[in-house]
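See structure below.
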Amino acid sequence: MNGNRINISQRRLHFTRRKLLIGGSVTSGLLLTGCEKIGGSATGTSILDTGEKLTYNVQRSLSSRMALAPEFRPDQMSPRFRSNGNTMPASADYATQLAQNFVNWVLRVDGLVDTPLDLSLADLREMPTRSQITAHNCVEGWTAIAKWTGVPLSFILQRANVRSSAKYIVFHCADDFGGTAYYESIDMLDAFHPQTILAWGINDQPLPVKNGAPLRLRVERQLGYKQAKYVMRVEAVDSLKSIGQGKGGFWEDDIDYEWYAGI
Ligand SMILES: Nc1nc2c(c(=O)[nH]1)N[C@H]1C(S)=C(S)[C@@H](COP(=O)(O)O)O[C@H]1N2
Ligand SMILES: [Mo]
Numbered sequence: 090m091n092g093n094r095i096n097i098s099q100r101r102l103h104f105t106r107r108k109l110l111i112g113g114s115v116t117s118g119l120l121l122t123g124c125e126k127i128g129g130s131a132t133g134t135s136i137l138d139t140g141e142k143l144t145y146n147v148q149r150s151l152s153s154r155m156a157l158a159p160e161f162r163p164d165q166m167s168p169r170f171r172s173n174g175n176t177m178p179a180s181a182d183y184a185t186q187l188a189q190n191f192v193n194w195v196l197r198v199d200g201l202v203d204t205p206l207d208l209s210l211a212d213l214r215e216m217p218t219r220s221q222i223t224a225h226n227c228v229e230g231w232t233a234i235a236k237w238t239g240v241p242l243s244f245i246l247q248r249a250n251v252r253s254s255a256k257y258i259v260f261h262c263a264d265d266f267g268g269t270a271y272y273e274s275i276d277m278l279d280a281f282h283p284q285t286i287l288a289w290g291i292n293d294q295p296l297p298v299k300n301g302a303p304l305r306l307r308v309e310r311q312l313g314y315k316q317a318k319y320v321m322r323v324e325a326v327d328s329l330k331s332i333g334q335g336k337g338g339f340w341e342d343d344i345d346y347e348w349y350a351g352i
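For what it's worth, the working numbering labels the leading residue of the sequence shown as 90, then goes sequentially.
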């Protein structure tokens with residue numbers, strides 16, 4: 090199927106990018122050796138002296154964290170976007186919100202902010218909107234491309250006057266596994282990344298329950314389990330220690346998934 094072929098090449102692209110990044114440092118080493126051989130003088134090596142290499146490495150690490158995830162054309166979208174993990178929160182409160190079509194639902198934004206917010210779905214839809222067609226990679230071995238629409242997290246954090254003491258943003262979700270609430274967290278670089286949005290739409294439709302209604306995180310440089318569904322509360326914190334078991338997310342606590350799941 091056409092969708093599958095795109096998915097496979099997308100995965101290759103990720104692996105190639107990783108190799109390239111690793112290859113980068115190897116190449117600069119080789120270049121240095123080449124200079125020494127050809128130049129045979131101290132002047133040759135000084136072109137890549139410590140200062141130069143530092144600037145290069147700092148530049149590289151910054152650009153790899155803030156670089157945009159690949160975006161795709163509409164004709165590359167997967168025919169359907171599957172669902173994984175919880176597909177319907179079990180809580181009575183969620184059932185009530187769903188029955189009311191989320192008209193009385195509010196997103197709480199609090200923690201290390203000067204202006205805590207309670208935002209309705211209507212409030213969120215009126216905020217600046219970003220749409221992006223991106224690939225979702227689940228560690229269980231599937232990839233799908235969908236169009237996500239929502240409000241940049243940076244806009245909400247700025248409106249809440251997030252304090253400079255905040256180091257992480259925690260997403261508290263409505264669902265649980267055996268009584269343990271799902272949550273996730275990201276650092277401030279990811280929180281202010283231009284593709285990090287709180288999405289209320291998928292493929293030009295309101296987010297269905299199976300994909301996280303009414304609101305889910307999209308943090309496009311990271312793996313599937315970071316894409317918190319059923320987000321009810323956004324909390325700015327300076328440490329993750331006191332949340333859950335302290336490893337920054339449900340799967341991180343439960344089965345030692347990496348907290349930083351950048352791809
Ligand atoms: N609240 C919540 N968020 C979640 C999950 C979950 O079970 N609960 N599963 C995660 C995993 S492992 C993946 S791959 C994606 C799946 O998103 P989807 O159901 O929209 O495909 O959501 C992530 N976010
Ligand atoms: Mo996943």
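Even for Gly, the Cβ is constructed at its ideal location relative to N, Cα and C.
For this session: Using 8 Å as the cut-off, classify the Cβ of Asn300 as near or not near the heavy atoms of ligand 1, replying yes or no.
Result: Indexing the sequence shown from 1 puts residue 300 at position 211. Correct: Asn300 has its Cβ closer than 8 Å to ligand 1.
Problem set entry | Distance between Ala179 and Pro295 (C-alpha atoms, nearest Å) | For this step, residue 295 is matched to residue 206 along the sequence shown. For this step, residue 179 is matched to residue 90 along the sequence shown. If I take the Cα positions, the gap works out to 21 Å.
Problem set entry | Limits of the beta strand (DSSP E) - the one that Ile275 falls within | Against the sequence shown, residue 275 aligns to sequence position 186. Looking at the DSSP string, the run of the beta strand (DSSP E) that includes Ile275 is Thr269 to Asp276.
For this session: Could you work out which residue in Lys318, Gly267 and Ser150 is closest to Val259 when comparing CA atoms only?
Result: Working through the sequence shown from its first residue, we reach residue 259 at position 170. The shortest C-alpha separation from Val259 is found at Lys318.
Exercise. In the structure shown, what three-state DSSP assignment does Gly239 receive?
Worked result: Here residue 239 refers to the residue found at position 150 of the sequence shown. Of the three classes helix, strand and coil, the one that applies to Gly239 here is strand, per DSSP.
Exercise. When DSSP labels each residue in this structure, what does Leu213 get in the three-state scheme?
Worked result: Indexing the sequence shown from 1 puts residue 213 at position 124. In this structure, Leu213 counts as helix in the three-state DSSP scheme.
Exercise. In whole angstroms, what is the alpha-carbon distance linking Leu206 and Gly267?
Worked result: As a working mapping, residue 206 is identified with position 117 in the sequence shown. As a working mapping, residue 267 is identified with position 178 in the sequence shown. Note on geometry: alpha-carbon atoms of Leu206 and Gly267 lie some 30 Å from one another.
Exercise. Considering only residues of the same chain and omitting the five flanking positions on each side of Asp276, which have a CB-CB separation below 7 Å?
Worked result: Position 187 of the sequence shown, counted from the first residue, corresponds to residue 276. Beyond the five residues adjoining it in sequence on each side, Asp276 comes within less than 7 Å, by CB distance, of Lys256 and Tyr257 in the same chain, given in chain order.
Exercise. Would DSSP call Ser167 helix, strand or coil?
Worked result: Locating residue 167 in the sequence shown gives position 78, counting from the first residue. For Ser167, the secondary structure class from DSSP, reduced to helix, strand or coil, is coil.
Problem set entry | Asn173 Cβ short of 8 Å to ligand 2 heavy atom set | Residue numbering aside, residue 173 sits at position 84 when the sequence shown is read from its first letter. Result yes, Cβ under 8 Å from ligand 2.
Problem set entry | Given Tyr271 as reference, the closest of Gly239, Gly337 and Ala224 once Cα atoms are compared | For this step, residue 271 is matched to residue 182 along the sequence shown. The candidate whose alpha carbon is nearest that of Tyr271 is Gly337.
Exercise. Do Gln316 and Leu306 have their C-beta atoms closer together than 9 Å?
Worked result: As a first step, residue 316 is located in the sequence shown; it is residue number 227 there, counting from the start. As a first step, residue 306 is located in the sequence shown; it is residue number 217 there, counting from the start. Going by C-beta atoms, Gln316 is nearer than 9 Å to Leu306.
Exercise. Measuring CB to CB, does Met321 end up less than 9 Å from His261?
Worked result: Reading the sequence shown from its first residue, position 232 is the one you call residue 321. Reading the sequence shown from its first residue, position 172 is the one you call residue 261. Contact flag set, yes.
Exercise. Among Gln148, Asp342, Gly313 and Lys299, which residue has its Cα nearest to the Cα of Gly230?
Worked result: As a first step, residue 230 is located in the sequence shown; it is residue number 141 there, counting from the start. Comparing Cα-Cα distances from Gly230 to each of Gln148, Asp342, Gly313 and Lys299, the minimum goes to Gly313.
Exercise. When the Cα atoms are used, what is the spatial distance from Ser243 to Leu208?
Worked result: Residue numbering aside, residue 243 sits at position 154 when the sequence shown is read from its first letter. Residue numbering aside, residue 208 sits at position 119 when the sequence shown is read from its first letter. Going by C-alpha positions, Ser243 is about 15 Å away from Leu208.
Problem set entry | Alpha carbon of Ile352 to alpha carbon of Asn175, nearest angstrom | Residue 352 sits at position 263 when you count from the first residue of the sequence shown. Residue 175 sits at position 86 when you count from the first residue of the sequence shown. Rounded to whole angstroms, the gap between the alpha carbons of Ile352 and Asn175 is 23 Å.
For this session: On a CA-only basis, which of Ala325, Lys299 and Met166 is nearest Ser274? Give me that one, please.
Result: The residue given as residue 274 occupies position 185 in the sequence shown. When C-alpha distances from Ser274 are compared across Ala325, Lys299 and Met166, the shortest belongs to Ala325.
Problem set entry | Chain-order list of residues whose beta-carbon lies under 6 Å from that of Ala350 (same chain, five-residue window excluded) | The count along the sequence shown starts at 1 and reaches residue 350 at position 261. Hits under 6 Å: Gln311, Leu312 and Lys315.
For this session: Tell me, to the nearest whole angstrom, how far the beta carbon of Ala235 is from that of Met166; I am working on the premise that it is less than 8 Å.
Result: For the purposes of this step, residue 235 is identified with residue 146 of the sequence shown, where counting begins at 1. For the purposes of this step, residue 166 is identified with residue 77 of the sequence shown, where counting begins at 1. About 6 Å separates the beta carbons of Ala235 and Met166, which is inside the 8 Å limit, making them a contact pair.
Exercise. Ordered along the chain, which non-local residues of its own chain (more than five positions away) have a Cβ less than 6 Å from that of Asn173?
Worked result: The residue you call residue 173 lines up with position 84 of the sequence shown. Spatial neighbours of Asn173 in its own chain (CB-CB distance under 6 Å, excluding positions within 5 residues in sequence) are listed in chain order as Cys227.
Exercise. Cβ-heavy atom distance between Leu312 and ligand 2 below 8 Å?
Worked result: By 1-based counting over the sequence shown, the position of residue 312 is 223. Correct: Leu312 has its Cβ closer than 8 Å to ligand 2.
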